[in-house]
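Its first residue numbered 58, the sequence shown is counted upward by one per residue in the working numbering.
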Amino acid sequence: MTAAPAAADQRRTGGRPVAPGGWLGWACSTDHKRIGLLTVATSLVMFLLMGVLALLMRSQLAQPGLHVVDPVTFSQLFTIHGSGMIYMVMTPFALGLGLYLVPLQIGAPGIAAPRLTLLGYWLYVLGAVLMLSGFATPEGAHGSGWFSYPPLADQEHSPGLGSDLWIAGVVLATTGVIVMGWTVLWTVLRRRAPGMTMLRLPVFCWSMIAACLMVIGSFPALLAALALLAVGRADPSVFASNTWNIGYQHLFWFYGHPVVYVMFFPYLAAASEVLAVFSGRRFFGYKGTALSLLVFAALSMSVWGHHMFATGQATNDYYSLTSIALLVPAGVEYFGMVGTILGGRLRLRTPMLFALAFVPQFLIGGLTGIMIGTPVIDYHVTDSYFIVAHLHYVLFAGSAFGLFAAVYFWFPKVTGALLSERLGRLHFWLLVLGTNLTFLPMFAAGYLGMPRRVATYAAFDGVTWLNLLASIGAGFLAVGISVFVVNVLWTLRAVALGRAAPAGDDPWQAHTLEWATSSPPPRLNFAAGRPLPPVTSFAPLLDLRERREAAEGRSRV
Numbered sequence: 058m059t060a061a062p063a064a065a066d067q068r069r070t071g072g073r074p075v076a077p078g079g080w081l082g083w084a085c086s087t088d089h090k091r092i093g094l095l096t097v098a099t100s101l102v103m104f105l106l107m108g109v110l111a112l113l114m115r116s117q118l119a120q121p122g123l124h125v126v127d128p129v130t131f132s133q134l135f136t137i138h139g140s141g142m143i144y145m146v147m148t149p150f151a152l153g154l155g156l157y158l159v160p161l162q163i164g165a166p167g168i169a170a171p172r173l174t175l176l177g178y179w180l181y182v183l184g185a186v187l188m189l190s191g192f193a194t195p196e197g198a199h200g201s202g203w204f205s206y207p208p209l210a211d212q213e214h215s216p217g218l219g220s221d222l223w224i225a226g227v228v229l230a231t232t233g234v235i236v237m238g239w240t241v242l243w244t245v246l247r248r249r250a251p252g253m254t255m256l257r258l259p260v261f262c263w264s265m266i267a268a269c270l271m272v273i274g275s276f277p278a279l280l281a282a283l284a285l286l287a288v289g290r291a292d293p294s295v296f297a298s299n300t301w302n303i304g305y306q307h308l309f310w311f312y313g314h315p316v317v318y319v320m321f322f323p324y325l326a327a328a329s330e331v332l333a334v335f336s337g338r339r340f341f342g343y344k345g346t347a348l349s350l351l352v353f354a355a356l357s358m359s360v361w362g363h364h365m366f367a368t369g370q371a372t373n374d375y376y377s378l379t380s381i382a383l384l385v386p387a388g389v390e391y392f393g394m395v396g397t398i399l400g401g402r403l404r405l406r407t408p409m410l411f412a413l414a415f416v417p418q419f420l421i422g423g424l425t426g427i428m429i430g431t432p433v434i435d436y437h438v439t440d441s442y443f444i445v446a447h448l449h450y451v452l453f454a455g456s457a458f459g460l461f462a463a464v465y466f467w468f469p470k471v472t473g474a475l476l477s478e479r480l481g482r483l484h485f486w487l488l489v490l491g492t493n494l495t496f497l498p499m500f501a502a503g504y505l506g507m508p509r510r511v512a513t514y515a516a517f518d519g520v521t522w523l524n525l526l527a528s529i530g531a532g533f534l535a536v537g538i539s540v541f542v543v544n545v546l547w548t549l550r551a552v553a554l555g556r557a558a559p560a561g562d563d564p565w566q567a568h569t570l571e572w573a574t575s576s577p578p579p580r581l582n583f584a585a586g587r588p589l590p591p592v593t594s595f596a597p598l599l600d601l602r603e604r605r606e607a608a609e610g611r612s613r614v
């Protein structure tokens, strides 16, 4: 009775078994688009959870002496917030974008090793669950910072199951990210469509190549560091020697600096794609930008010691020199973005607003990074709120704005519908106000000597009003993110009910191949009835439109 329908299903799908539907179909799917969306959605949920932790901390610090939470809980909050944003949000979201977009942008029907990719996603999910589950243990979650230096993070100073769960969670999530990085890199190197040479790859694909090379090259160092930490928690005598304490820091920061660029390159490239499309121009300085991404990736793995200036265990001259040398490839990338905008016919839609704001805000993070890469400045501001401000201008004022530019830009490709422009603009202005009101005062507070990772401060320190401004800014950020969530959920509901206005396959007049297929794309990306257009440059759809316009001009003549 069931053989005939099954055979019919097999014929309709070309002999391939029918994938299960519903939630099981998503959980077990080997479609790179579904795995990418699962990764992006999971990281966005983690983003919201980490935001709640940040609001609790800013509530505590709005005034001196407040006790919204006790100091032990405060340590757990900043540890899980920092760990979550780096290990569970910005890095996986960047890989999730790559999982979804890279095969489409290179004209491939799928991703390399799809089952391995799916395993990477579930390792990431399990790692996130384990890390958060520390809050349910008697001693609470891990509280030694996202870096967890020994001996502070050993069994004596950080007792309890929460710390062990944190180690296991970060190991699993990092392993999952490494697996996804391998499959994305293998896909872009080996599964390109005919005509898609390396120098015709979109800028976003080049960013993923650079990011995945850093994932593969530096992330195993974090696994080695955490293995050392786990051994030290089982045998405290391991960290009796300062050699292992400093050795741990070298291993950790060999991961800890490249990961900043893994959380930067894909968002820079997303902003660059948006700038080109909404300027109506080909991206300026394409070859220089592609080369600079590779140079940047190589240099990023040579500067880790500038995080250790204050230890006295790093060669200051060398690490300062390599840190300042990062200005060269970074300057090429910024020059490319600015050159793309100049002379363009700008369309100020929501993705463009986020991409434009990305440029100056990340520049603040980059320039202050060069400052703290200079030992004489670093000695004054190390472990102060100046470092907190710098990090957040890199990862929030910069990368998160690139993240939102990507969401608004590619949302119609994923769903077939546009997000609300009115809510998008409100989200943008609230985030611009909240971001700068929150993090700019932290530079001044750090310069005045306010240490980071403290649950309170003295009223006479002169930083009370700065902390109040930062906490008010955090409130604007919370409202802005709430607007974004409402926008996404409202639009998805309209799509599910069939009430959303169709956006069309290419609502932005974009440049790259993912816009040549339907929205959303079919299972194998490009249907037989809609073959790939010829790939003649890194902007094939722009080439196609220019050829059509030239042909129409000749026909009118």
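All C-beta atoms in this analysis are idealised placements derived from N, C-alpha and C, irrespective of residue type, glycine included.
Handout entry: Span separating the alpha-carbon of residue 416 from that of residue 402
Key = 18 Å
Handout entry: Alpha-carbon spacing of residue 45 relative to residue 558, whole angstroms
Key = Shown here, the chain extends from 58 to 614; a query on residue 45 therefore has no answer.
Exercise for the section: Measure from the alpha carbon of residue 236 to the alpha carbon of each residue in 181, 80, 223, 361, then state which is nearest. Expected result: 181
Exercise for the section: Enumerate in chain order the residues of its own chain whose CB-to-CB distance from residue 194 is below 8 Å, with the five nearest sequence positions on each side excluded. Expected result: Excluding positions up to five away in sequence, the list reads 217, 218, 219, 222.
Practice task
Determine the DSSP secondary structure at residue 474, reduced to helix, strand or coil.
Solution key: strand
Problem - Pick from 392, 108, 414, 451 that is closest to residue 489, judged by C-alpha positions - result: If we check each option's Cα against that of residue 489, 414 comes out closest.
Practice task
Report the rounded CA-to-CA distance for residue 651 versus residue 271, giving the unit in angstroms.
Solution key: Nothing about residue 651 can be read from this structure; the chain reaches only from 58 to 614.
Practice task
Quick one: using the 10 Å Cβ neighbour count with 16 as the cut-off for buried, is residue 273 buried or exposed?
Solution key: exposed
Problem - Rounded C-alpha distance that separates residue 446 from residue 122 - result: 22 Å
Exercise for the section: Tell me whether residue 199 is buried or exposed, calling it buried when 16 or more other Cβ atoms sit within 10 Å of its Cβ. Expected result: buried
Problem - Between the CA atoms of residue 409 and residue 328 - distance to the nearest angstrom - result: Using only the alpha carbons, I get a separation of about 8 Å.
Practice task
Tell me whether residue 388 is buried or exposed, calling it buried when 16 or more other Cβ atoms sit within 10 Å of its Cβ.
Solution key: Answer is exposed; the Cβ neighbour count stays below 16.
Exercise for the section: Please report how far the alpha carbon of residue 361 lies from the alpha carbon of residue 139, in whole angstroms. Expected result: Between residue 361 and residue 139, the C-alpha separation is close to 18 Å.
Handout entry: Spatially closest choice to residue 597 from 608, 579, 572, by CA coordinates
Key = Residue 597 has its Cα closest to that of 572, out of 608, 579, 572.
Exercise for the section: Quick one: measure Cβ to Cβ for residue 468 and residue 476, integer angstroms, because I've assumed they're closer than 8 Å. Expected result: 5 Å
Handout entry: Contact under 9 Å by Cβ, residue 280 with residue 305
Key = no
Practice task
Compare the beta carbon distance of residue 245 and residue 266 with 9 Å and say whether it is the shorter of the two.
Solution key: yes
Practice task
Please work out which residues of its chain come closer than 6 Å, Cβ to Cβ, to residue 187, disregarding the five sequence neighbours upstream and downstream, and give them in chain order.
Solution key: 222, 225, 226
Practice task
Specify the secondary structure class of residue 323 as computed by DSSP and reduced to three states.
Solution key: helix
Exercise for the section: Quickly, what does DSSP pair residue 508 with across the bridge? List them, please. Expected result: Per DSSP, 441.
Practice task
Note down, one range per segment and in chain order, each alpha helix (DSSP H) of at least 4 residues found wholly within the segment 279 to 338.
Solution key: 299 to 313, 315 to 319, 322 to 336
Exercise for the section: Have a look at residue 483 and residue 541 and give me their C-alpha separation to the nearest angstrom. Expected result: 9 Å
Problem - C-beta contact flag for residue 494 and residue 533 at 9 Å - result: In contact: residue 494 and residue 533 (Cβ atoms closer than 9 Å).
Practice task
Determine the DSSP secondary structure at residue 578, reduced to helix, strand or coil.
Solution key: coil
Practice task
Could you please give me the residues that DSSP links to residue 559 through a beta bridge?
Solution key: 474
Exercise for the section: Decide if residue 566 is buried, meaning its Cβ has at least 16 other Cβ atoms within 10 Å, or exposed. Expected result: The residue in question, residue 566, is exposed, as its Cβ has fewer than 16 Cβ neighbours within 10 Å.
Practice task
Could you tell me the boundaries of the alpha helix (DSSP H) in which residue 550 lies?
Solution key: 521 to 553
Handout entry: Cβ neighbours of residue 141 in the same chain (closer than 6 Å, five flanking residues each side left out)
Key = 103, 107
Practice task
With DSSP as the reference, label residue 238 as helix, strand or coil.
Solution key: helix
Handout entry: residue 602 versus residue 437: straight-line alpha-carbon distance, rounded
Key = Their backbone Cα atoms lie some 55 Å apart in a straight line.
Problem - CA-to-CA distance, residue 600 to residue 608, given in whole angstroms - result: 12 Å
Practice task
Grab the span of the alpha helix (DSSP H) containing residue 138 for me, first residue to last.
Solution key: Looking at the DSSP string, the run of the alpha helix (DSSP H) that includes residue 138 is 128 to 140.
Handout entry: Between the CA atoms of residue 268 and residue 514 - distance to the nearest angstrom
Key = 39 Å
Practice task
Tell me whether residue 587 sits in a helix, a strand or coil according to DSSP, three-state version.
Solution key: Three-state DSSP puts residue 587 in coil, outside helix and strand.
Handout entry: Collapsed DSSP secondary structure at residue 418 in the structure displayed
Key = In the three-state reduction of the DSSP assignment, residue 418 falls in the helix class.
Practice task
Give the single residue among 543, 411, 335, 368 whose Cα lies nearest to the Cα of residue 459.
Solution key: 411
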